[in-house]
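Residues in the sequence shown are numbered consecutively from 1093, following the numbering used here.
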Amino acid sequence: MDELERLAAGKYLRLTTFRKSGVAVPTPVWVARDGDHLYVTTQADSGKAKRLRNNSQVTLAPCDMRGNPTGPEVAGTAVLLDQAGTAEVGGLMAKRYGLMYHALTLRQKFSRGAGSVGIEISVGQQDSPPAPSTAATE
1093 MDELERLAAG KYLRLTTFRK SGVAVPTPVW VARDGDHLYV TTQADSGKAK
1143 RLRNNSQVTL APCDMRGNPT GPEVAGTAVL LDQAGTAEVG GLMAKRYGLM
1193 YHALTLRQKF SRGAGSVGIE ISVGQQDSPP APSTAATE
């Protein structure tokens, strides 16, 4: 099993983004795989999205729904997608998570916010490792 398969096999992925100060912020997210990339979604105005706009370096590990790692962590690079890319990620998520994903997106449509943004993750393509730091909560 390669890294992509291992990371995409579970229901949750621990996506760790980094603040400008270097502090790691791990978050459990749903994940889908398509080809050589992993995909997740988040609110466009979320902390994850803000941190990724400043630093595309991430670490990834399979985890449980609370974010507790269940396997080794690997480095990666994440890119926020445009509206068309986000729609494609929505389709991947709907296919994988079904009714639960549709319920979540329906709830988000009726709440205030900036909408969703898709995130494309490349595994093992990091220029340099993130600075060591203490994990924080989002």
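We treat Cβ as the ideally placed atom computed from N, Cα and C, and that holds for glycine.
Spatially closest choice to residue i from the options, by CA coordinates
| i | options | result |
| --- | --- | --- |
| V1117 | V1171, G1216, L1152 and E1095 | L1152 |
| V1181 | G1163, K1140, D1156 and I1213 | I1213 |
| L1096 | R1106, L1130 and Y1104 | L1130 |
| K1315 | V1215, R1125, V1121 and R1143 | Here the chain covers residues 1093 to 1230 and nothing more, so residue 1315 does not appear. |
| A1101 | D1126, G1216, S1138 and G1168 | D1126 |
| A1124 | D1174, V1209 and R1188 | R1188 |
| V1150 | V1132, M1192, V1166 and K1103 | V1166 |
| M1192 | L1173, G1177, R1145 and W1122 | W1122 |
| G1139 | R1098, R1158 and T1119 | T1119 |
| G1183 | L1172, T1162, G1210 and P1164 | G1210 |
| T1134 | G1216, D1174 and C1155 | D1174 |
| N1146 | V1171, A1186, P1164 and V1215 | V1171 |
| S1208 | A1179, R1106, G1216 and T1109 | A1179 |
| M1185 | K1103, G1159 and D1094 | K1103 |
| F1110 | T1169, T1162, G1216 and V1215 | T1169 |
Residues bridged to residue i [DSSP beta-bridge criterion]
| i | result |
| --- | --- |
| A1153 | R1106 |
| D1126 | H1129 |
| V1117 | T1109 |
| L1096 | L1096 is not bridged to any residue. |
| A1170 | I1213 |
Element boundaries [beta strand (DSSP E), containing residue i]
| i | result |
| --- | --- |
| T1162 | That residue, T1162, is in no beta strand (DSSP E); it is neither H nor E in DSSP. |
| V1209 | S1208 to V1215 |
Residue range of the unbroken alpha helix (DSSP H) whose run includes residue i
| i | result |
| --- | --- |
| L1144 | G1139 to N1146 |
| G1182 | Q1175 to Y1189 |
Residue i Cβ short of 6 Å to the ligand SAH heavy atom set
| i | result |
| --- | --- |
| T1169 | Among the components of this structure there are no ligands whatsoever, and the ligand SAH is therefore not found. |
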